[in-house]
Amino acid sequence: MFWKGCLLMLLAVAAVHAQQQEPEECRTPPPNWPKKPPQCCDVPFPLEGMKKQFGNCVKQNGGPTSAVPTAKALADARMCLEECVYKGAGLKKQKGLDSGTIGDEFRKTLGNKKEWTAPVDKAIKSCMGAVGKFKVDTQCDSIPLEFSHCVMRELFLNCPSKQWKNTAECNLVKGRMQICPNIPPPPPPAPQQPPPRRA
């Protein structure tokens, strides 16, 4: 499920950035690319308010609208889902994202994790200025998904040293992400399912 979510993010981001020329080395993973996503940094995103909206938005938006899911249909579904989450969490206004509310929600999520303050402030400022530069033919607003992709990358690439797992796999992923702007960070681990009740 989580790899599927990562694939949908890649398809949607690819649709947004189709006009950009990717470096040759970004088109196929290197031979030593990890088969399972390494857990390198506990990034404080998505925000708590977004997590609460996710289930409702999945029910509301459903899946791709075409009978045979195409790359565009999958990308549209992912963008509509993200737009729904941002609206439900109060992060999106009529004319764009609400940077003030986003900052407030980040501060709630961070709590006393002060080491994340500078990376979060930098990510919000950088990503607010980076989204919406490309016209995209989609059913829904692409900006929420662009912002999520940008923020997750910025936080991962600027993970505080005390939070970063300095392994060969993590450094390989980080190094490739620095070269390839469309690659999202590894997805988080799937939540643990409670053990079945004994009769």
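Under mature numbering (1 follows the signal peptide of the UniProt record, and there is no 0), the letters of the sequence shown match residues -18 to -1, 1 to 181, in that order. Quick reminder that beta carbons are idealized off the backbone N, C-alpha and C, glycines included. Bear in mind that the values here come from a model prediction, so they are computed numbers and not experimental data.
Beta-carbon contacts of Val40 that lie in its chain and below 7 Å, excluding the five residues immediately before and after: Excluding its 5 nearest sequence neighbours in each direction, Val40 has C-beta neighbours in its own chain below 7 Å: Leu63, listed in chain order.
Ser78 - DSSP class collapsed to helix/strand/coil: One point to set straight first is that residue 78 is Gly, not Ser, in the sequence displayed. Here Gly78 sits in strand by DSSP.
Beta-carbon spacing of Phe27, Val133 below 8 Å: Cβ distance < 8 Å, so Phe27 and Val133 count as in contact.
Proximity to Asp58 [Cα-Cα], best of Glu30, Gly37, Asp123 and Gly114: The candidate whose alpha carbon is nearest that of Asp58 is Asp123.
Check whether Gly85 and Ile106 have beta carbons under 8 Å apart: Taking C-beta atoms as the reference points, Gly85 and Ile106 count as a pair closer than 8 Å.
Val25 vs Phe138 beta-carbon contact at 8 Å: Yes, the Cβ-Cβ distance between Val25 and Phe138 is below 8 Å.
Inter-residue spacing [alpha-carbon to alpha-carbon] between Gln160 and Pro166: Straight-line Cα distance between these residues: approximately 11 Å.
Contacting residues, own chain, Cβ-Cβ under 7 Å from Gly70 (five flanking each side not counted): Listed in chain order, the non-local C-beta contacts of Gly70 below 7 Å within the same chain comprise Gln35, Asn38 and Cys39, local neighbours out to five positions each way being set aside.
Per-residue burial, Glu82 [other beta carbons within 10 Å of its own, 16 or more giving buried]: Reading off the sequence shown, one finds Gly at residue 82, where the question assumed Glu. Around the beta carbon of Gly82, a 10 Å sphere encloses fewer than 16 other beta carbons of the protein chains shown; the residue is thus reported as exposed.
As assigned by DSSP and simplified to three states, the class of Leu139: Of the three classes helix, strand and coil, the one that applies to Leu139 here is helix, per DSSP.
Same chain only: Cβ atoms within 8 Å of Pro5, ignoring 5 sequence neighbours per side: For Pro5, same chain residues with a beta-carbon under 8 Å away, outside a window of 5 residues either side, are Ile161 and Cys162 in chain order.
Exposed unless 16 or more other CB atoms sit within 10 angstroms - verdict on Asn43: Buried.
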